[in-house]
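**Q** Numbering (my numbering), first residue to last: 1 to 430.
No residue lacks a Cβ here, since even glycine has one placed at the ideal position from N, Cα and C.
Have a look at the structure that comes next, please.
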Amino acid sequence: MPMSHIRIYQINDPAELEELVAHAATLIQRVLGVQKGILLRAAGEEGALLRLRASPILGLATIIPETIMLPFTFVEYFGQTHAPLMAPQLATHPALLTLTPHDREILHLLDMAIYLPLESAGECVGILGLGAKASGGAYSREDVELVYTLLEQAAQMVESLRVTQNLSIVRELQRLNEAKASFLMVASHELKTPLTLIQGYADILTSLPPEDVQDPQKVQDVIRGIKKGSERLAQVIEDMLEISRIEAHALRLQWQEVNLARIIEQVMVHVGFAATERKQRIETSGMEAIPPFEADPQRLFQVLRNLVENAIKFTPDGGKIAITAQVLGGVAPEEQILEIVVADSGIGIAPEDQERIFEKFTRLGDATLHSSSRVHFKGGGPGLGLAIAKGVVEAHGGRIWVESPGYDEKACPGSRFFVWLPMKRRSHDS
Ligand code: ADP
Numbered sequence: 001m002p003m004s005h006i007r008i009y010q011i012n013d014p015a016e017l018e019e020l021v022a023h024a025a026t027l028i029q030r031v032l033g034v035q036k037g038i039l040l041r042a043a044g045e046e047g048a049l050l051r052l053r054a055s056p057i058l059g060l061a062t063i064i065p066e067t068i069m070l071p072f073t074f075v076e077y078f079g080q081t082h083a084p085l086m087a088p089q090l091a092t093h094p095a096l097l098t099l100t101p102h103d104r105e106i107l108h109l110l111d112m113a114i115y116l117p118l119e120s121a122g123e124c125v126g127i128l129g130l131g132a133k134a135s136g137g138a139y140s141r142e143d144v145e146l147v148y149t150l151l152e153q154a155a156q157m158v159e160s161l162r163v164t165q166n167l168s169i170v171r172e173l174q175r176l177n178e179a180k181a182s183f184l185m186v187a188s189h190e191l192k193t194p195l196t197l198i199q200g201y202a203d204i205l206t207s208l209p210p211e212d213v214q215d216p217q218k219v220q221d222v223i224r225g226i227k228k229g230s231e232r233l234a235q236v237i238e239d240m241l242e243i244s245r246i247e248a249h250a251l252r253l254q255w256q257e258v259n260l261a262r263i264i265e266q267v268m269v270h271v272g273f274a275a276t277e278r279k280q281r282i283e284t285s286g287m288e289a290i291p292p293f294e295a296d297p298q299r300l301f302q303v304l305r306n307l308v309e310n311a312i313k314f315t316p317d318g319g320k321i322a323i324t325a326q327v328l329g330g331v332a333p334e335e336q337i338l339e340i341v342v343a344d345s346g347i348g349i350a351p352e353d354q355e356r357i358f359e360k361f362t363r364l365g366d367a368t369l370h371s372s373s374r375v376h377f378k379g380g381g382p383g384l385g386l387a388i389a390k391g392v393v394e395a396h397g398g399r400i401w402v403e404s405p406g407y408d409e410k411a412c413p414g415s416r417f418f419v420w421l422p423m424k425r426r427s428h429d430s
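Structural data, given as structure tokens:
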């Protein structure tokens, strides 16, 4: 039977060939009702014999050996004819007359009704053997065409799977590369700034004239500078460690009964000086009415301090910051949510940045600004604060987001950061 050319896509490795044949085989089974199928691939030679690896492709009733030995003539048949071989032809085709009774016995054991050569780039890369059709009839030319079409479709599918896999690997590598680049930028920038400060003060200390060394005030000033630099350095390193704990899902919360008013008081102690310096007013309301709830107080303090420091940082001098809280939801604590809002009258955040700012290393505006202070107007930072806040809030089973009409340094539309926390710890939370 003359055959149209056999079209199989480029096959890269034996596993891929097996995969595509297996894909096609299930379809062939469904369409033609074929119950048995094997894939034969060359696996070495011994004298005039070729060792063929036989892989079951469709549920085999008969047990087949893993490898079979057949003379080269069997495979050469396909190389010469580029056509399938029907079982009856084994006995009649002139090219196969040299098969010995032993060879025929092996082929008889395999019990295939047809053998189809699989070609890739003009080379025979395997032979697909198929058992009898459900109807019992011989394979027609249309059947063979159909089998090859299904193989071709499967090859396309395997090919596109490979492309998608490669693409997603490329994307992941790109993402990792970008993350590495921004980490290096932030690490070098944010660690270098306080380090330079420390080195500068240390230099002053070593070159202080003898009379100044005797002056406690002068020495104190220098030491204070060194302390400030090293505290900032420790903070940046701690933030980086915290982010890596969050990413490794290794954040362990110290759950306790928490009083929100106490935490806000602590925050105020930490930011009070900066707010006064920036002539900003911080108002709190609703704190005392919040009943005790379950959370990690130290980490919640971290989150709120960060939000309030950001509010100070991104609000011009003389602006206003409001911290409010209320309990939402049902009567039972299990159904209740604590809502804390930190609202400022600052420069605001563009809608397209409102999600992005919670990703690590994201800072809007001038990236060259450094973090010599946590509260300078529009002062830069490592861009970790909100990413940590998100990680901590989510570890509590809560949510954090921002609402802002947009970014406008003149009109100062302000931003409102929302934190939702369950009042009662859910059993599966960390
Ligand atoms: P950092 O403060 O270290 O830069 P954050 O993660 O705390 O990092 O904040 C990321 C970015 O989000 C900031 O650089 C700033 O651009 C923006 N942002 C955060 N809080 C506010 C706010 N209250 N108003 C306007 N922009 C803000």
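Ordered along the chain, which non-local residues of its own chain (more than five positions away) have a Cβ less than 8 Å from that of residue 239?
**A** Sequence index remark: in the sequence shown, residue 239 carries index 239 (1-based). Same-chain partners within the cutoff: 382, 384, 385 and 388.
**Q** Distance, Cα to Cα, residue 56 vs residue 106?
**A** The residue labelled residue 56 in the question sits at position 56 within the sequence shown. The residue labelled residue 106 in the question sits at position 106 within the sequence shown. Taking the straight line joining both Cα atoms gives about 15 Å.
**Q** For residue 129, list the residues DSSP reports as bridge partners.
**A** As a first step, residue 129 must be located in the sequence shown, where it is residue number 129. Bridge partners of residue 129: 38 and 115.
**Q** Express the C-alpha separation of residue 353 and residue 345 in angstroms, rounding to a whole number.
**A** One-based indexing of the sequence shown puts residue 345 at position 345. One-based indexing of the sequence shown puts residue 353 at position 353. If I take the Cα positions, the gap works out to 18 Å.
**Q** In or out: residue 404 buried (at least 16 other Cβ within 10 Å) or exposed?
**A** The sequence position of residue 404 within the sequence shown is 404, counting from 1. The residue is buried, with at least 16 neighbouring Cβ atoms inside 10 Å.
**Q** Identify, in the order they occur along the chain, each residue of the same chain with its Cβ nearer than 6 Å to the Cβ of residue 311, setting aside the five sequence neighbours on each side.
**A** Taking the sequence shown and counting its residues from 1, one reaches residue 311 at position 311. Excluding residues within five positions, the ones whose Cβ falls inside 6 Å are 321, 342 and 344.
**Q** Should residue 61 be labelled buried (16 or more other beta-carbon atoms within 10 Å of its own) or exposed?
**A** Working through the sequence shown from its first residue, we reach residue 61 at position 61. Because the pLDDT of residue 61 is 49, which lies under 50, any placement of that residue in the model is unreliable, and the number read from its coordinates should be weighed accordingly. Residue environment for residue 61: exposed (fewer than 16 other C-beta atoms within 10 angstroms of its C-beta).
**Q** For residue 64, which three-state DSSP category applies?
**A** Translated into positions along the sequence shown, residue 64 becomes position 64. Looking at residue 64 - three-state DSSP - the assignment turns out to be coil, as it is neither helix nor strand.
**Q** Kindly list the residues whose CB is nearer than 8 Å to the CB of residue 257, restricted to its own chain and excluding five residues on each side of it in sequence; keep chain order.
**A** Here residue 257 refers to the residue found at position 257 when the sequence shown is read from its first residue. So the qualifying residues of the chain are 292, 293 and 294.
**Q** On a CA-only basis, which of 281, 288, 191 and 159 is nearest residue 338? Give me that one, please.
**A** As a position in the sequence shown, residue 338 is number 338, starting the count at 1. If we check each option's Cα against that of residue 338, 288 comes out closest.
**Q** Beta strand (DSSP E) containing residue 421: first to last residue?
**A** Here residue 421 refers to the residue found at position 421 when the sequence shown is read from its first residue. For residue 421, the enclosing beta strand (DSSP E) begins and ends at 416-422.
**Q** What does the alpha-carbon distance come out to for the pair residue 58 and residue 64?
**A** Start at 1 with the first residue of the sequence shown, and residue 58 comes out as number 58. Start at 1 with the first residue of the sequence shown, and residue 64 comes out as number 64. Roughly 12 Å between the two C-alpha positions.
**Q** Could you tell me whether the Cβ atoms of residue 401 and residue 377 are closer together than 9 Å?
**A** Counted from its first residue, the sequence shown places residue 401 at position 401. Counted from its first residue, the sequence shown places residue 377 at position 377. Contact: no.
**Q** Any heavy atom of ligand 1 closer than 8 Å to the CB of residue 192?
**A** The count along the sequence shown starts at 1 and reaches residue 192 at position 192. No; taking the cut-off as 8 Å, the Cβ of residue 192 has no heavy atom of ligand 1 nearer than that.
**Q** Should the segment 229-246 be called in touch with the segment 268-279, which here means at least 3 C-beta pairs below 8 Å?
**A** no
**Q** Take residue 183 and list the residues in its own chain whose beta-carbon comes closer than 8 Å to its own, dropping the five residues that flank it on each side.
**A** If you number the sequence shown from 1, residue 183 lands on position 183. The residues 361, in chain order, have a CB closer than 8 Å to that of residue 183 in the same chain once the five nearest residues on each side in sequence are set aside.
**Q** Tell me which same chain residues have a C-beta within less than 6 Å of the C-beta of residue 301, skipping the five on either side of it?
**A** Locating residue 301 in the sequence shown gives position 301, where the first residue counts as 1. Answer for residue 301: 263 and 266, listed in chain order.
**Q** Quick check: the segment 134-154 against the segment 162-174, are there 3 or more CB pairs under 8 Å?
**A** no
**Q** Find out if the Cβ-Cβ distance for the pair residue 41, residue 122 is shorter than 9 Å.
**A** Against the sequence shown, residue 41 aligns to sequence position 41. Against the sequence shown, residue 122 aligns to sequence position 122. No, they are not a contact pair.
**Q** First and last residue of the beta strand (DSSP E) that includes residue 400?
**A** The residue given as residue 400 occupies position 400 in the sequence shown. Counting along the chain, the beta strand (DSSP E) containing residue 400 begins and ends at 399-403.
**Q** So for residue 327, helix, strand or coil by DSSP?
**A** Position 327 of the sequence shown, counted from the start, is the residue given in the question as residue 327. In the structure shown, residue 327 sits in a strand (DSSP, three-state: E or B).
**Q** Go to residue 358, then tell me how far its beta strand (DSSP E) extends in each direction, as first and last residue.
**A** Sequence index remark: in the sequence shown, residue 358 carries index 358 (1-based). Note, residue 358: premise wrong, no beta strand (DSSP E); not H, not E.
**Q** Are the CB atoms of residue 24 and residue 154 nearer to each other than 9 Å?
**A** Reading the sequence shown from its first residue, position 24 is the one you call residue 24. Reading the sequence shown from its first residue, position 154 is the one you call residue 154. The answer is yes: Cβ separation under 9 Å.
**Q** Which partner residues does residue 321 have in the DSSP bridge list?
**A** Numbered from 1 along the sequence shown, position 321 holds the residue referred to as residue 321. DSSP, once it has assigned bridges, lists 282 and 344 as partnering residue 321.
**Q** So is residue 180 buried or exposed if we call it buried at 16+ other beta carbons inside 10 Å?
**A** Reading the sequence shown from its first residue, position 180 is the one you call residue 180. The residue in question, residue 180, is exposed, as its Cβ has fewer than 16 Cβ neighbours within 10 Å.
**Q** Closest to residue 45 by C-alpha separation, out of 29, 33, 35 and 72, would be which residue?
**A** Numbered from 1 along the sequence shown, position 45 holds the residue referred to as residue 45. Here the closest residue by C-alpha is 72.
**Q** Taking the alpha-carbon positions, what's the residue 19 to residue 248 distance?
**A** Reading the sequence shown from its first residue, position 19 is the one you call residue 19. Reading the sequence shown from its first residue, position 248 is the one you call residue 248. Distance between the alpha carbons of residue 19 and residue 248 is about 35 Å.
**Q** Since residue 301 sits in a beta bridge, which residues does DSSP pair it with?
**A** Here residue 301 refers to the residue found at position 301 when the sequence shown is read from its first residue. Beta-bridge pairing links residue 301 to no other residue.
**Q** I'd like to confirm the pairing. Which residues does DSSP put opposite residue 85 in its beta bridges?
**A** In the sequence shown, residue 85 corresponds to position 85, counting from 1. Its beta-bridge partners are 115.
**Q** On a Cα-Cα basis, can you pick out the residue from 192, 304 and 34 that is closest to residue 144?
**A** Numbered from 1 along the sequence shown, position 144 holds the residue referred to as residue 144. When only C-alpha atoms are compared, the closest one is 34.
**Q** At which residues does the alpha helix (DSSP H) containing residue 183 begin and terminate?
**A** Position 183 of the sequence shown, counting from 1, holds the residue named residue 183. First-last of the alpha helix (DSSP H) with residue 183: 141-206.
**Q** Can you tell me the Cα-Cα spacing of residue 218 and residue 212, whole angstroms?
**A** Here residue 218 refers to the residue found at position 218 when the sequence shown is read from its first residue. Here residue 212 refers to the residue found at position 212 when the sequence shown is read from its first residue. C-alpha separation (whole angstroms): 7 Å.
**Q** Our contact map puts residue 191 next to residue 222 with C-beta atoms below 8 Å; I'd like the distance itself, whole angstroms only.
**A** Residue numbering aside, residue 191 sits at position 191 when the sequence shown is read from its first letter. Residue numbering aside, residue 222 sits at position 222 when the sequence shown is read from its first letter. With 8 Å as the limit, residue 191 and residue 222 do not qualify as a contact, their Cβ atoms being about 21 Å apart.
**Q** I believe residue 85 touches residue 114 by the beta-carbon criterion, under 8 Å. Please report the beta-carbon distance rounded to the nearest angstrom.
**A** As a first step, residue 85 must be located in the sequence shown, where it is residue number 85. As a first step, residue 114 must be located in the sequence shown, where it is residue number 114. Sure, about 7 Å apart at Cβ, within 8 Å.
**Q** Closer than 8 Å to a non-hydrogen atom of ligand 1 - does that hold for the CB of residue 346?
**A** Here the question's residue 346 lines up with position 346 in the sequence shown. Within the cutoff, so yes.
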